[in-house]
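If you use mature numbering (1 follows the signal peptide of the UniProt record, and there is no 0), the sequence shown corresponds to residues -27 to -1, 1 to 761, in order.
Every residue gets a Cβ at the ideal spot worked out from N, C-alpha and C, and that includes glycine.
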Amino acid sequence: MMNIATMTMGAARLAVFVLVLSAPALAAQLNLNASWQFYRDEGGQVASADQVPEGAWSEVNLPHAARIEPRVPAAPWQGTVFYKKRLDVKLRPGERAILRFEGVMNVADVWLNGRHLGQHLGGYLPFAYDVTDGLRTTGANELVVRANNEDNPITGPKPLKQLDYIQHGGIYRDVRLSIKPPVHVTDEMLSATPGGGGVFVTYPRADKDEALVQVQAEVSNTSRSPQAVTVRHTLAWEGRQVARVEERLRLAAGERRHVTMPLTLRAPRLWSPRSPSLYRLETRVSAAGHEDVVATRIGVRRLAFEDGRLLLNGEPLRLRGVNRHQEYPYVGYALSPQADARDALLIKRYGFDFVRLSHYPQSPAFMAAADELGLMVLPAIPGWQFHNPDPAFARQALRTCADMIRRDRNHASVLAWECSLNETDMPAPLVQALHATVHQEYPGDQAWSAGWVPQTYDLYLQARQHRIGSRHALPAKPLIVSEYGDWEYYAMNAGLNQDAWADLKPADRSSRQALGSGETRLLQQARNVAEAHDDNAATPAFADGYWVMFDYARGYAPDLEESGLLGIERLPKFAAEFFRSQRSATESSPRWRGGPMVFIASYWQAGSSPRVRVFSNAEEVELRLNGKPVGRKQGAPSRAHPRLAHPPIEFDTGGFARGELVALAYSGGRLVAEHRVRTPQRPTTLALEIDDLGVPAVAGDLVFLRARLRDANGTTVPASGTEVAFSGIEGAQIVGSDVAASEAGIASVLVRVTGPRAGVRARAQAGGLHGALVGAPGSGGRSRSKKR
């Protein structure tokens, strides 16, 4: 068993973690996220941690942002930060200690007890060290990390002042210490063999009757004598064993060996976006009374391409997708695992089955959520309009491609590997080497490379803005429309010159519209989206990806990029509801909802368009105004949208009349969904809520606390710019500003939960409006609001 004692000291002192291992001899893993000492080198004068003034350290927990930024960063932090902590680890003879960082931006140097373990380049992927020989047998050990996120010509991309996103600094993902017995499964990041290390699962055969699950495990004997070893794999479905295989072997002292064994699975539950079935694979390596246990969650599926079509488990599949930046306001990349899971849930809820992970590998938590929800993903190496002829740059790109595949190769959600520098003029030898790396790291017939240039790669990624006006024929290979709906509606130079602010289109034609920009602008964004998505269907593409899911901050402009379907605080715009309507009414899930839907894209207030637009995936929609029928129309392809299965429907009300609009959706002559919109009156209350989307908030989690402006009828008043001040927070801490302006009637602040969600309490005030969130055991809190 493992006994962990934690002691928190003063800000100038260090936290000490004690790890004591006793029988039985099992592997152990210690999460090192708590109680680090942190220093930000504002002046750029400190070269090492021992030069930091003793009283200048502060205590922080991971994931951690190098600096809390404003909601709209004007000058994002770039520089050096230091982290340190102490840990006391007691190892038995022969055991190994593996220290692993999941993400440090962007150049990380690590020391243990003053010894430099190494430098890691690139901020998005894990790196690990075997620290066994560097650990002290008595007394505490000191771990020090120096991290720098300044512009770097070897890792790229181009300098922040020319970059469309921000590479936020800090140790922003988990840090763990694994204690392994002398004979164990290796860490995949430490293997020197292409396609090697750790546990690697492939599926040479998979259909509804039978699947062959092939498991490769790299086993290492670090003892000084030969060992008789048993390697056992057990596959379980919902806790019940469904397949098992084992092999006995003998490993020489110091030997590493890849052991490959097949499991036959009868009548497998195949993974797909509609049915994301997951199995638990348990790998046990036993030798001399010690045992190493590694759990891997897998989804059994087979991908193929035929005449440009994607076949999943033998069935053709067309994917509707979106791009995602992993950024949150204030904390940048330092998301909690639950926040990452909520992003994945929102993407699935709003009608998507595919995510292009632009433009870098994203967190293990997001990847796990994609597996669970049935989101196919396209992981990408970092790159954006930048190439450095220095050979070190190419070596870094190739290493990043290999490391990305190593980390994510067992995820059922992965569609292909974008080992391509986005919108970059890559030399042909680099393109060929990146393509080859994909197939070296993932041998067999279930790996595809994807790139934005038409040559070499297995899949071609073409943005719609690059297609418009292009005279070049599409290559004879599967196509993904990688981006669309933003740049072609924003600038006349729809190409690569994205930091030359010339020939911008009128703002009212753009897809870059804030949630609070008003009904007319939100309708324009939704119109652009519908037009572009319809146009994509005229291509042979098997998938497309709208740009972008969430608004995000940029390096080259002191504003938010607001083409998101949801704002940076994760609140939906009208265009998000359009995409929700594009999912078939037959698809639903208790987790991400779905099923029949209808949505009125109007606030129905003075100034609203009398032509009311409705989104629905039902056969027919009836619109009523104040109980009187306005019309009833079928949701069939139209002249404006000939290729959409569920195009927007418009009704002419003849003019605005205060009251209530009701949309009734019918399929097979039966009412299947309805939506009501009531003319808002003046706000009378503030209603507060913790918006956790059903992903329960836990201590350390990041979640949005929202205050809604509501009138006497309970209607959200879509006012924007109303300042709401939050105070009296209990059970959580506000991250960033405690004052937020409303957008479409909702003001949001980001909070870090410090205790049980049910214990979170808060107050809010906007002029004469007051509201309170009152904790309630078992309920997660209730809102109490009033006007004074």
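- Residues Asp82, Val83 of the same chain have their beta carbon placed closer than 8 Å to that of His89, with the five preceding and five following residues left out of the count.
- Shown here for Pro310: same chain residues with a beta carbon closer than 6 Å to its own, the five before and five after excluded, namely Ala338 in chain order.
- Around the C-beta of Gly740, fewer than 16 other C-beta atoms lie within 10 Å, and the residue is accordingly described as exposed.
- Thr429 has its alpha-carbon roughly 48 Å from the corresponding atom of Ala720.
- Rounded to whole angstroms, the separation of the alpha carbons of Ala406 and Ala516 is 25 Å.
- The beta strand (DSSP E) runs lying completely inside the segment 129 to 174 and spanning 3 residues or more are 148 to 153, 156 to 158, given in chain order.
- Beta bridge pairing from DSSP links Phe699 with Ala737.
- The residue from Met377, Thr53, Lys321 with its alpha-carbon nearest to that of Asp124 is Thr53.
- Membership of Thr512 in any alpha helix (DSSP H) is not indicated, and neither H nor E is assigned to it by DSSP.
- Runs of the beta strand (DSSP E) lying entirely within the segment 51 to 115, each at least 3 residues long, are 53 to 63, 69 to 74, 80 to 85, 88 to 94, 100 to 103 in chain order.
- Shown here for Ser386: same chain residues with a beta carbon closer than 7 Å to its own, the five before and five after excluded, namely Met340, Ala343, Asp344, Leu348, Met349, Val350 in chain order.
- In the DSSP assignment, Ile271 forms a beta bridge with Tyr252.
- Taking C-beta atoms as the reference points, Arg223 and His206 fail to come closer than 8 Å.
- Exposed is the label assigned to Asn599, since fewer than 16 other Cβ atoms lie within 10 Å of its Cβ.
- In the structure shown, Lys321 falls within a helical segment according to DSSP collapsed to helix, strand and coil.
- When DSSP states are grouped into helix, strand and coil, Met340 belongs to the helix group.
- Taking Gly356 as reference, the option from Leu394, Arg681, Gly608 with the minimal CA-CA separation is Leu394.
- Secondary structure at Leu407: helix, using DSSP grouped into helix, strand and coil.
- With contacts defined by Cβ atoms closer than 8 Å, Phe55 and Ala22 form a contacting pair.
- In the same chain as Pro199, and ignoring 5 residues on each side of it, the C-beta atoms closer than 8 Å to its own belong to Arg223, Leu224, Ala225, Ala226, in chain order.
- In this structure, the beta-carbon distance from Arg379 to Met162 falls below 8 Å.
- At the C-beta level, Ala636 and Leu666 stay beyond 8 Å of one another.
- With 16 or more other CB atoms across the displayed protein chains lying within 10 angstroms of its CB, His648 is buried.
- Rounded to whole angstroms, the gap between the alpha carbons of Gly424 and Arg119 is 34 Å.
- The beta carbon of Ala317 is closer than 7 Å to those of Phe339, Ala342, Ala343, Leu346, Leu348 in its chain, skipping five residues each way along the sequence.
- With a 10 Å radius around the Cβ and a threshold of 16 neighbouring Cβ atoms, His506 comes out buried.
- Annotation note: the segment 643 to 670 contains the following uninterrupted beta strand (DSSP E) runs of length 3 or greater, listed N- to C-terminal: 643 to 651, 658 to 664.
- Leu290 is the residue among Val295, Leu290, Phe278 whose C-alpha sits nearest the C-alpha of Arg247.
- The beta carbon of Phe359 sits closer than 8 Å to the beta carbons of Gly129, Pro130, Lys131, Leu394, Thr397 from its chain, once the five residues preceding and following it are set aside; these are given in chain order.
- For Leu371, the enclosing alpha helix (DSSP H) has its first and last residue at 364 to 381.
- Assignment of beta-bridge partners to Asp265 by DSSP yields Val258.
- For the 8 Å CB-CB criterion, Gly143 and Met78 form a contact.
- Nearest Cα to Leu539 within the set Trp390, Thr657, Arg73, Glu300: Glu300.
- Among the bridge pairs identified by DSSP, Met234 is matched with Val188.
- Distance from the CA of Val117 to the CA of Leu85, rounded to the nearest whole angstrom, comes to 6 Å.
- Each residue's CA atom was taken as its position, placing Phe699 and Val712 some 6 Å apart.
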